[in-house]
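Under the UniProt record's numbering, think of the first position of the sequence shown as 104, with each following residue one higher. Idealized CB from N, CA, C, for every residue including glycine.
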Amino acid sequence: SRVKEVEFVKSSARARDCPKDNKPEFAILGRSNVGKSSLINALVRKKEVALTSKKPGKTQLINHFLVNKSWYIVDLPGYGFAKASETARMDWSSFTKGYFINRDTLVAVLLLVDASVPPQKIDLDCANWLGRNNIPLTFVFTKCDKMKVSKGKRPDENIRDFQQLIRQNYKVHPSWIMTSSVTGLGRDELLLHMSQLRNY
Ligand code: GDP
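1) Pop quiz: A130 and N205 are said to be a contact at Cβ under 8 Å. What is the actual Cβ separation, rounded to whole angstroms?
2) How is the beta strand (DSSP E) around S140 delimited, first residue to last?
3) State the start and end residues of the unbroken beta strand (DSSP E) segment that holds M281.
4) DSSP state of residue 91, grouped into three classes?
5) Please determine if the region 105-124 and the region 220-228 are in contact, where contact requires at least 3 C-beta pairs separated by less than 8 Å.
6) Could you check whether the Cβ of S278 sits closer than 7 Å to any heavy atom belonging to ligand 1?
7) Over what stretch of residues does the alpha helix (DSSP H) that includes L293 continue unbroken?
8) Please state the DSSP three-state secondary structure of A185.
9) Considering D228, what are the terminal residues of the alpha helix (DSSP H) in which it resides?
10) Quick one: using the 10 Å Cβ neighbour count with 16 as the cut-off for buried, is I165 buried or exposed?
11) Between T282 and C229, which are expected to be in contact by the criterion C-beta below 8 Å, what is the C-beta distance as a whole number of angstroms?
12) Got a sec, what are the start and stop residues for the alpha helix (DSSP H) N261 sits in?
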């Protein structure tokens with residue numbers, strides 16, 4: 104499960120523009136500011152790679168990164184911009200949902216959830232939507248190193264609350280991985296998890 108090589112392949116505006124070489128892929132999804140770029144950078148240990156998607160105009164695109172010439176990490180647009188208009192949110196959902204439903208090579212979605220805040224409705228809604236559409240899902244909790252959160256609960260408490268809410272809505276329990284891009288927690292576990300799913 105080692106990452107030897109990562110290459111940015113392309114940004115696509117629509118699902119049908121995505122690479123067609125049938126390699127397995129993992130889509131990384133989450134609210135903006137959840138720590139997606141940091142996690143992708145930590146996974147591939149290459150600072151410049153995920154930054155591509157942060158360039159203006161690229162945040163609303165599907166960005167494909169080829170790992171070891173054999174599988175893709177797919178950086179999807181973040182959801183839940185506080186300031187986004189209703190129209191912008193609708194655009195996000197129709198465009199991204201089209202990708203999920205039509206992408207045969209999608210092995211699993213890694214849904215990033217910020218462990219430093221209480222469960223957010225938009226994350227639960229997203230998980231429920233994926234579950235209803237039978238899209239394989241792994242929860243990746245981010246920022247698990249943030250032990251001192253002003254006022255709120257600790258990451259382990261937020262994670263427990265989130266898991267409880269999910270258990271009420273799911274028949275099959277998705278996998279959970281705790282990560283921190285600061286300490287490197289969960290990196291190897293996540294890479295191993297992805298390699299197991301690819302070979303399944
Ligand atoms: P994105 O918008 O989802 O791509 O989020 P970023 O990767 O840009 O991270 C958003 C903010 O959270 C930045 O200020 C990061 O430094 C911070 N951040 C990201 N990951 C972690 C983490 O694992 N631990 C802590 N403490 N902060 C993080």
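Looking at the coordinates:
1) Their Cβ separation, rounded to whole angstroms, is 12 Å, which puts A130 and N205 out of contact at 8 Å.
2) Not the beta strand (DSSP E): S140 falls in the alpha helix (DSSP H), residues 139-147.
3) Start and end: 278-281.
4) Absent from the model: residue 91. The displayed extent of the chain is 104 to 303, so no value can be given.
5) The answer is no - the region 220-228 does not touch the region 105-124, with fewer than three Cβ pairs under 8 Å.
6) Remark: the C-beta of S278 is outside contact range of ligand 1, defined as less than 7 Å to any heavy atom.
7) In the DSSP annotation of this structure, the continuous segment of the alpha helix (DSSP H) that includes L293 starts and ends at 290-301.
8) Residue confidence for A185 is low, a pLDDT of 49 falling below 50, so the modelled location carries little weight and cannot support an answer.
9) For D228, the enclosing alpha helix (DSSP H) stretches over residues 224-235.
10) Answer is buried; the Cβ neighbour count reaches 16.
11) With 8 Å as the limit, T282 and C229 do not qualify as a contact, their Cβ atoms being about 18 Å apart.
12) For N261, the enclosing alpha helix (DSSP H) has its first and last residue at 258-270.
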